[in-house]
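Listed in order, the protein sequences are those of chains R and P. Number 122 in the numbering used here belongs to position 122 of the first sequence; there are no gaps in the numbering. Number 1099 in the numbering used here belongs to position 99 of the second sequence; there are no gaps in the numbering. Ideal Cβ placement from N, Cα and C applies to all residues, glycine included. This structure is a prediction, so every number in the text was calculated from the model and none was measured.
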Amino acid sequence: MYWEPEKETMDRGDLEQLQLERLQATLSRVYRNVPFYRQKFDEFGVEPDDFRSLNDLRKLPFTTKEDLRNSYPYGMFAVPLREVVRIHASSGTTGTSTVAGYTKNDIKTWSNLVARILTAGGVTKDDVIQIAFGYGLFTGGFGLHYGAERVGASVIPTSSGNTARQVKIMQDFKTTALICTPSYALLLADAISEMGINVNSLSLRYGLFGAEPWSEGMRTEIQDRLKITATDNYGLSEVIGPGVAGECLERQGLHISEDHFLVEVVNPDTLEPIRLGETGEMVITSLTKEAFPVIRYRTRDLARLITEPCPCGRKFMKMSRVMGRSDDMLIIKGVNVFPSQIEAVLFAIEGTEPHYQIIVDRKGALDDVTVLVEASETIFFDEMKKQNKLITLIKKNLASELGISVNVKLVEKKTLERTEGKAKRVIDLRKL
Amino acid sequence: MLVVKNIDVYYGKINAVRRASLHVSEGEIVALIGGNGAGKTTMLNTISGLIRAFGGSILYDGQDITKQPPDRIVQMGISHVPEGRLVFKPMSTEDNLLLGSFSRYSLGKRREIENDREQVYSIFPILKERRRQPAGTLSGGEQQMLAIGRALMAKPKLLLLDEPSMGLAPFIIKEIFRHILELRNRFGLTVLLVEQNARNALRIADSGYVLETGRVVLQGQAEDLLANRDVQRAYLGRDLDTEMDVQ
């Protein structure tokens, strides 16, 4: 099922022509309307008129989160404020928030893009969609909401929080599709079993999860426990929100809506393009946004591009799931470590719960990492020997994956903090 | 069907069109809008070979026509209806039509061409009534129909229309636009339409491009362009003074 078959199955040559036309128009507009870009282009000695091929994009400077913050709140808008009909802002968990504006057309484009990923993930107009993303400044709630309405599904805007009520609504309203963060999906699964509800009695069939990195192991766990088909989707408020890319039911990577976004993958250290298919930082240029266009925005998200054709028939290139963030990357004893690597190891081990926390500290001059893992009850109440065996196994697997040794501590089930939004996986106590 | 890539056109030192790119898919009506001197007519003239591009390429049905002479381009299936109609005023309506078939004329084809002429008459019955009249005595709307009819006589697949509504009364404009739609819907013609009358053009078009000082500054679905405030202000006649920037 496609939402826009003529676009999603577009021939590569036609797509590249469309991308070029849209890129050229976008560059002309940002140069004329956004002082930041005009100044930056002038500094780099590039003129928008110089752009004759998609490869010329590399001549352009990057845009960083810092740049967006410096122009807080409206400095990056390419249209007068009166043409902006919606304003969102990023969570600002790591500093000043960044502001995203949308014109009427932007909202329409966005809804359409979200409708694409919903359709790709199995949702149709016959579905009852429960959106457990926060509604508010965060783009997740409203973004998915408008897209789901566009598809014509019945939308329940439960927003985040109040887990028991979420489960009750899921049961009573016969929710068929769930939308939230993957960590919250697991939390809901916990609540469902605690409330003594048989998962098979629910109507759930599909789940579309995003807004935080997750692993294949977590997918298996969610699918098994909620009895659904779980797909991953990707987006960020600086670029548009959810709807930049989404998985089809093949679940082998996320199709990027390439007619609206140009994606490059660069080495986060050298900023040089890397070989196609290798992991690096995603850099995104918007091709159709009116209010808040971004040119070569450094997402800090690490992923790789997948060029193999997809059996689903979509011609858009795919990206892998996000493996982590270049600014989340922990440098421990000089080694690059991503929380997602640790997660993948934990999921593969029997006897652990999918909740963990990584605590990084410094003892003397040495980095010291402790991974807190929730153990399943059965093991925890058994004798010490079994526990030690489990700890040794986790340590060994982590060491072989990461290349450094870390401490592992088992904690009782439910002792780690649960969040309704994005999970907080890393606590860095080092004063660097 | 038509893919234009990075076209640059100069008049002397004046850069009339700058690295403009656009495409027209088969069966589409595409509108090219923009103010005076934006480069719209230059664009059409470049596509039909009347002006040479300084750089860039034009592909039609996969073939490079950038350097083809205009008569060859007509034979390949692109007909151009020029701005201001440019009918031959002292000649009869019918002779004007026949002129349109010059590119494929031969004695053996007389019957076929007569049939085509009759088809043009069935699309524009008024031209049949005026067949013996000098074209100069026709009204503006009728001359526009004649200019379109003349272009059809070359049996085009792609029709380039330059300002078909120029100087016409509103109800005639409506009729002309209805005819353009009909040419696409009934005869499967693909149309690239240049218009100052942006609202009407975008209403019948599938997609559109906005040109400003030779550059494409917007591109998209026609309905999205209609909803774009920039376009509304600049080309759809909203009052500029009440829309001043607030930034």
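(request) Determine the chain R residues that contact S1122 (chain P) at a beta-carbon separation under 9 Å, and present them in chain order. (result) What S1122 (chain P) touches in chain R: nothing, since even the nearest Cβ is about 33 Å away.
(message) For I458 (chain R), report the span of its beta strand (DSSP E) as first-last.
(response) As shown, chain R starts at 1 and ends at 432. That puts residue 458 (chain R) outside it, with no answer to give.
(request) Could you name the residues of the same chain whose beta carbon sits closer than 7 Å to that of G152 (chain R), not counting the 5 residues immediately before and after it, in chain order? (result) Here the set comprises K125.
(request) Look at the alpha carbon of R1110 (chain P) and the alpha carbon of T1093 (chain P), and state the distance between them as a whole number of angstroms. (result) 18 Å
(message) Can you pull the chain R neighbours of Q1119 (chain P), defined as C-beta to C-beta under 8 Å?
(response) Within 8 Å Cβ-Cβ: nothing; Q1119 (chain P) doesn't reach chain R, min ~31 Å.
(message) At the level of alpha carbons, what is the spacing between K1155 (chain P) and V1074 (chain P)?
(response) 9 Å
(request) Check the Cβ-Cβ distances between E281 (chain R) and every residue of chain P, and say whether any is below 9 Å. (result) no
(message) Please report whether the beta-carbon of M1 (chain R) lies at a distance below 9 Å from any beta-carbon of chain P.
(response) no
(request) Starting from the beta carbon of R12 (chain R), find every residue of chain P whose beta carbon is closer than 9 Å, and list them in chain order. (result) Per Cβ cutoff of 9 Å: no residues; R12 (chain R) is ~13 Å from chain P at best.
(request) Could you spell out where the beta strand (DSSP E) holding R362 (chain R) opens and where it closes? (result) T352 to K363
(message) C310 (chain R) and E221 (chain R) - do their beta-carbons sit closer together than 9 Å?
(response) no
(message) Quick check: what's the CA-CA separation for N33 (chain R) versus V1217 (chain P)?
(response) 11 Å
(message) Under 8 Å, CB to CB, which of the residues in the segment 1215 to 1226 of chain P have a partner in chain R?
(response) Those would be R1215, V1216, V1217, L1218, Q1219, G1220 and D1224, in chain order.
(request) Tell me whether A1016 (chain P) sits in a helix, a strand or coil according to DSSP, three-state version. (result) strand
(message) Restricting to runs no shorter than 4 residues, where is the alpha helix (DSSP H) found entirely within the segment 1022 to 1079 of chain P?
(response) 1040 to 1047 and 1070 to 1076
(request) Could you list which residues in chain R have their beta carbon closer than 7 Å to that of L1022 (chain P), in chain order? (result) Simply E21.
(request) Decide if the segment 257 to 267 of chain R is in contact with the segment 36 to 51 of chain R; the criterion is three or more beta carbon pairs, one per stretch, under 8 Å apart. (result) no
(request) Note down the Cα distance separating A25 (chain R) from D1206 (chain P), rounded to an integer number of angstroms. (result) One Cα belongs to A25 (chain R), the other to D1206 (chain P), and the distance between them is close to 18 Å.
(request) Could you check if T175 (chain R) is buried or exposed, using at least 16 other CB atoms within 10 Å of its CB as the buried criterion? (result) T175 (chain R) is buried by the Cβ-count criterion.
(request) Report the rounded CA-to-CA distance for I1014 (chain P) versus H1023 (chain P), giving the unit in angstroms. (result) 24 Å
(message) Less than 9 Å between CB atoms is the rule here; does L1013 (chain P) satisfy it with respect to chain R?
(response) Reading the sequence as shown, one finds Lys at residue 1013 (chain P) and not Leu. No, no contact with chain R.
(request) Under 8 Å Cβ to Cβ from K314 (chain R), same chain only, skipping five residues before and after it: list those, please. (result) Note on residue identity: the sequence assigns Arg, not Lys, to residue 314 (chain R). Leaving aside the five residues that flank R314 (chain R) on each side, the residues in its chain whose CB is nearer than 8 Å to its CB run, in chain order, Y2, E8, T9, A120, C248 and H255.
(message) For M323 (chain R), tell me which candidate among R:G210, R:V85 and R:R116 has the shortest Cα-Cα distance.
(response) R:G210
(request) Please work out which residues of its chain come closer than 8 Å, Cβ to Cβ, to L1050 (chain P), disregarding the five sequence neighbours upstream and downstream, and give them in chain order. (result) P1070 and H1080
(request) Note down the Cα distance separating S340 (chain R) from P182 (chain R), rounded to an integer number of angstroms. (result) About 13 Å.
(request) Go ahead and pull the three-state DSSP assignment for V1087 (chain P). (result) Residue state, collapsed to three classes: coil.
(request) Would you give the residue range spanned by the alpha helix (DSSP H) that H1179 (chain P) belongs to? (result) P1170 to F1187
(message) Quick check: is the beta carbon of P293 (chain R) nearer than 9 Å to any beta carbon in chain P?
(response) Output row for P293 (chain R): interface = no.
(request) Taking A291 (chain R) as part of the beta strand (DSSP E), name the residues at either end of that continuous run. (result) First-last for A291 (chain R): undefined, no H or E at that position.
(request) Taking the CB atoms as reference points, tell me whether R82 (chain R) and I107 (chain R) lie closer together than 9 Å. (result) No; because the gap between Cβ atoms is not below 9 Å, this pair is not in contact.
(request) Taking C-beta pairs closer than 7 Å, name the residues in chain P that Q24 (chain R) reaches, listed in chain order. (result) R1019, S1021 and V1216
(request) With H260 (chain R) as the anchor, note down where its alpha helix (DSSP H) starts and where it stops. (result) Taken as a continuous stretch (DSSP letters only), H260 (chain R) belongs to no alpha helix (DSSP H), as it is neither H nor E.
(message) Under 9 Å, Cβ to Cβ, is there at least one residue of chain R near Y1010 (chain P)?
(response) With respect to chain R, the C-beta atom of Y1010 (chain P) has no partner C-beta closer than 9 Å.
(message) In the DSSP output, what is Y234 (chain R) paired with across the bridge?
(response) R:A245
(request) Run the CB neighbour count on G1108 (chain P), radius 10 Å, all protein chains shown included, and call it buried at 16 or more, exposed below. (result) exposed
(message) With DSSP as the reference, identify every bridge partner of K1005 (chain P), one or two as the case may be.
(response) P:S1057
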